[in-house]
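Protein sequences appear in the order of chains A and B. Under our numbering, the first sequence has 67 at position 67, and the numbering climbs by one with no breaks. Under our numbering, the second sequence has 286 at position 61, and the numbering climbs by one with no breaks. For each residue, glycine too, the CB sits at the ideal point set by N, CA and C. All of these numbers come straight from a predicted model, not from anything done at the bench. Right, one structure below, let's go through it.
Protein chains: 2
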Amino acid sequence: MSAASDDLVVLVVDDDFRVARLHAEYAARVPGVRVLEPVGTAAAARRAIAQHRPGLVLLDAYLPDESGLDLLRDIDADVFLLSAASDADTVRTALRRGALCYLIKPFAADALTDRIAAFQRFANVVPADPARTLDQEAIERGLRIVHSGDSPGGSRSRSATEQAVLDAVERADAELSAVDVAERVGVSRATAQRYLSGLAADGSIRVQLNYGSTGRPEHRYLPRG
Amino acid sequence: MSAASDDLVVLVVDDDFRVARLHAEYAARVPGVRVLEPVGTAAAARRAIAQHRPGLVLLDAYLPDESGLDLLRDIDADVFLLSAASDADTVRTALRRGALCYLIKPFAADALTDRIAAFQRFANVVPADPARTLDQEAIERGLRIVHSGDSPGGSRSRSATEQAVLDAVERADAELSAVDVAERVGVSRATAQRYLSGLAADGSIRVQLNYGSTGRPEHRYLPRG
DNA sequence: ACCCCCTGAGCACAATGCGCAAAACCGGTT
DNA sequence: AACCGGTTTTGCGCATTGTGCTCAGGGGGT
């Protein structure tokens, strides 16, 4: 794994060049990994993949010229899907189209480095080599390896209620008051407000004050945008 | 799980009609599975998939009119790849194109039935539902379930108590709290909860949070959808 | 005897709803 | 402009309920 010709060649595809650089830098920390210059569009990804034939593509779900999930179907490369999207349908689609791994942005470096290292071990057990014959146990051991690893290193996991409050705000087609959110989630106003103020404080949602009726200004909540 | 509308619809695609029937019969043994009439060509598979929208396709790698691996890329369905081919390159290609499982023919019935049951549990944890939000842990747990639900060649057997807890949830005509389950099974609340949380984690049952009274939200358990 | 697995009891603490006081607003009056 | 009253909303403390964990004990297998 020390000879350059044996390195795992990794390509990062993300239209946000700072994010792309960050992920490229994470990947470069893994021993035996060589990272190509990141690209920001599906078209550039196709060209880079055809030219360099990377062993692994770190693919963003949303690209300016094409859905990353559609590109995923076409490129016939080993892919990790990296996305801020965390709805189950997107995850299912990505997996169905061949993503070996799905990482919710933002994530800590070790979430990605652990996964890449696991992929390297997987590729050792299940190499892309027609001369190698596997039995069922080896295949399943390989799959367990690629999905093994340490606990997810991403951001702090939200509680179910906090996530439900955030979802209610993100899914609304208009700004919501605390009372609105409480009704939608099914919790008390006080609980909704508790979470809303926390989410606003950490920048996950936005607040606007609504004036014009007697009484305190009403806080209205919107997605971060 | 008795309502036909909640069944997992499975399509077998294999040109050897005896093998296809055998695999269809295996699949039909899994509770909650409805098996379509098998088809023997890629063209027929495309038609059947467009018409019936199966939840799972059991796909042979070699079809008379097209490579099963090429069809795999096109059909955008959840697929198990079943093949006599055991070279590592074919395995890698299948996984890269989205096969959730690779079974080397011939295989025993329980190799397939266990995998299908694991898929059902996976689909409970990662449903194809845009309204559901997942965290990284849930995604990875889902992947572990589908790839390594049980050890090869046989089910991990449930203890009597675990089975009794699962039965209590499945038989109830309404969602149950841990206290309810404890009473029905005749174990302590802590024991019931221990098993309930394990069953929920492995996708065998669903949890909903019940709000409205002071104190922590109450976990309510339902059968898998 | 030793080990492993399972169970229940007890406890710490997480998370919720309720009730209330205070903050903040608007409109009217002086 | 300043003040007041009425109203609405926010934010906090507290009591309560539920979850998850630890530990001791029991039973079964080797």
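| Item | Value |
| --- | --- |
| Which residues mark the beginning and the end of the beta strand (DSSP E) in which B/Glu291 is found? | No beta strand (DSSP E) holds B/Glu291; DSSP gives it neither H nor E. |
| Should A/Val179 go down as buried or exposed, given a rule of 16 or more other Cβ atoms within 10 Å for buried? | exposed |
| Please check the pair A/Pro38 and A/Arg21, which I expect to be a contact at CB under 8 Å, by giving their CB distance rounded to whole angstroms. | 6 Å |
| For B/Tyr327, decide whether its Cβ has a neighbour in chain A, counting only Cβ atoms nearer than 9 Å. | yes |
| Thinking C-beta only, is B/Arg366 closer than 9 Å to B/Glu400? | no |
| Within the 9 Å Cβ cut-off, does A/Leu143 reach chain B? | yes |
| For B/Gly257, return the contacting residues in chain A, with the cut-off set at a CB-CB distance below 8 Å. | Simply none; closest approach about 18 Å. |
| Under a Cβ-count criterion, where at least 16 other Cβ atoms within 10 Å of its own Cβ denotes burial, should B/Pro352 be classed as buried or exposed? | buried |
| Distance, Cα to Cα, B/Arg298 vs B/Ala324? | 9 Å |
| Taking just the CA atoms, how far does B/Ala397 sit from A/Asp14? | 48 Å |
| Cutting at 6 Å between CB atoms, please list the residues of its own chain near A/Gly55, excluding the five before and the five after it. | Leu8, Val9 |
| B/Val316 touches chain A at which residues, Cβ-Cβ below 7 Å? | Val126, Leu134, Ile139 |
| Would A/Ala111 pass as an interface residue toward chain B - the criterion being a Cβ-Cβ separation below 9 Å? | yes |
| For A/Ala43, I'd like the list of residues in its chain whose CB is within less than 7 Å of its CB, leaving aside the five on either flank, ordered along the chain. | Asp65 |
| Step through the CB atoms of chain B and report whether any lies within less than 9 Å of the CB of A/Gly186. | yes |
| If you draw a straight line from the alpha carbon of A/Asp202 to that of B/Ser292, how long is it in whole angstroms? | 51 Å |
| Would the segment 81-101 of chain A and the segment 319-336 of chain B be scored as touching if the rule is three or more Cβ pairs under 8 Å? | yes |
| List in chain order: all unbroken beta strand (DSSP E) runs of 3+ residues lying wholly within the segment 304-379 of chain B. | 304-308, 324-329 |
| Any beta carbon of chain B sitting closer than 9 Å to that of A/His147? | yes |
| Could you name the residues of chain A that B/Asp463 contacts, counting a contact when the two beta carbons are closer than 9 Å? | Outside the displayed range of chain B (226 to 450) lies residue 463 of chain B, so it cannot be described from this structure. |
| Would you tell me roughly how many angstroms separate the C-alpha atoms of A/Ser86 and A/His23, rounded to the nearest one? | 18 Å |
| Consider the Cβ of A/Pro223: report whether some Cβ of chain B lies at a distance smaller than 9 Å. | no |
| Give the DSSP-derived three-state secondary structure of A/Asp167 in the structure shown. | helix |
| Report yes or no: is there a C-beta of chain B within less than 9 Å of the C-beta of A/Arg121? | no |
| Distance, Cα to Cα, A/Phe17 vs B/Val390? | 51 Å |
| Mind pulling the alpha helix (DSSP H) runs of 4 or more residues that sit fully within the segment 158-223 of chain A? | 160-171, 178-185, 189-201 |
| For a contact meaning CB atoms closer than 7 Å, what does B/Tyr436 contact in chain A? | Gly186, Val187 |
| Here's a check: name, in chain order, each residue in its chain whose Cβ is nearer than 6 Å to the Cβ of B/Gly378, leaving out the five neighbours to either side. | For B/Gly378, the predicted model reports a pLDDT of 34, less than 50, meaning its position is unreliable; a value from the coordinates is still stated below. The answer is none, since no qualifying residue turns up. |
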